[in-house]
Amino acid sequence: MINIVLFGAPGSGKGTQAENLVKQFSLKHISTGNLFRYNLKNKTELGKIARSFMDQGKLVPDEITSSMLSKEVKCNLDAIGFVFDGYPRTINQAIYLDEFLSSLNSLVLITISLKVSDKILISRLLERAKTSGRPDDINPQIIQNRIKEYYEKTSKVANFYKEQNKFIEIKGVGSINDITKIISKKINKFL
Ligand code: B4P
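Residues in the sequence shown are numbered consecutively from 393, following the numbering used here.
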């Protein structure tokens with residue numbers, strides 16, 4: 393399996409790049425944010441729980457997120473690999489993903505981190521709010537909370553993959569297609 397982790401702060405371009413990469417490498421896109429939003433929209437029990445965290449810009453608890461993630465992977469075992477977009481976001485999630493993939497005789501091939509300044513992150517999310525209607529994009533205080541969660545919990549995941557020599561940082565500012573080309577080159581080197 394070719395498993396790619398897309399890593400970065402909220403608004404760094406993970407979802408945007410994931411859409412291009414899944415087409416290019418014929419992989420399955422798994423976005424935990426999209427899965428939560430699907431559950432929110434369909435008013436499932438999972439959605440109700442997730443909403444209480446997402447509406448505050450907080451991370452949804454690890455057990456809930458990881459169990460949702462592994463179910464989604466198991467439903468798509470015919471895929472040649474996955475682009476994990478927005479997962480893992482904590483050290484516990486990173487450990488879980490390694491163990492889970494290992495149980496499938498697989499592993500994370502490479503983690504691509506998109507680096508973008510806080511100022512640009514905030515302006516992108518506020519811009520997206522105009523069309524997405526996402527409550528977590530509309531409110532500047534919630535955006536600040538999401539960025540705070542990123543620095544307090546998610547940024548530490550970088551070291552987890554650096555220690556495994558699987559962490560590549562890329563400038564996430566510039567044309568979307570140019571960024572995809574840079575990421576693709578890095579992935580090809582690992583294949
Ligand atoms: P996500 O859905 O993952 O939201 P996100 O971090 O904002 O990233 P997204 O992929 O959507 O946006 P992108 O950067 O591509 O998470 C939402 C919430 O779900 C979290 O806050 C949390 O509560 C919960 N959650 C999700 N996963 C979790 C986990 N693992 N554990 C716990 N909780 C979890 O794009 C942003 C904007 O920038 C877009 O409008 C895009 O068009 C634009 N853009 C992208 N690239 C650009 C570029 N190069 N130039 C200009 N604009 C660009």
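All C-beta atoms in this analysis are idealised placements derived from N, C-alpha and C, irrespective of residue type, glycine included.
Mapping the DSSP letters down to three states, classify residue i as helix, strand or coil.
i: T482; result: coil
i: T503; result: strand
i: N468; result: coil
i: N395; result: strand
i: D477; result: strand
i: E555; result: coil
i: G400; result: strand
i: S418; result: coil
i: L496; result: coil
i: D447; result: coil
i: G525; result: coil
i: G405; result: coil
Answer with buried or exposed for residue i, where buried requires no fewer than 16 other C-beta atoms within 10 angstroms of its C-beta.
i: F399; result: buried
i: I568; result: exposed
i: E455; result: exposed
i: G449; result: buried
i: P532; result: exposed
i: L461; result: buried
i: I406; result: Ile is not the amino acid found at residue 406; the sequence shown has Lys there. Counting Cβ neighbours within 10 Å, K406 comes out buried, since at least 16 surround it.
i: G403; result: buried
i: D477; result: buried
i: I422; result: buried
i: E437; result: exposed
i: Q536; result: exposed
i: Y488; result: buried
i: N468; result: exposed
i: T523; result: exposed
i: Y479; result: buried
Between the alpha carbons of residue i and residue j, how many angstroms are there, rounded?
i: F445; j: L451; result: 6 Å
i: N557; j: R481; result: 18 Å
i: I539; j: D529; result: 12 Å
i: I441; j: S458; result: 14 Å
i: L501; j: L583; result: 8 Å
i: S505; j: A401; result: 9 Å
i: K415; j: K435; result: 30 Å
i: K507; j: Q409; result: 13 Å
i: K432; j: V397; result: Rather than Lys, the amino acid found at residue 432 in this sequence is Leu. Straight-line Cα distance between these residues: approximately 24 Å.
i: E541; j: S547; result: 9 Å
i: F417; j: L496; result: 20 Å
i: T503; j: R526; result: 27 Å
i: N412; j: G566; result: 15 Å
i: S509; j: S515; result: 10 Å
i: S494; j: L517; result: 35 Å
i: I534; j: E555; result: 32 Å
i: Y430; j: E464; result: 13 Å
i: L499; j: A486; result: 11 Å
Provide the residue(s) that pair with residue i in DSSP beta bridges, ordered along the chain.
i: S423; result: D477
i: K563; result: K507
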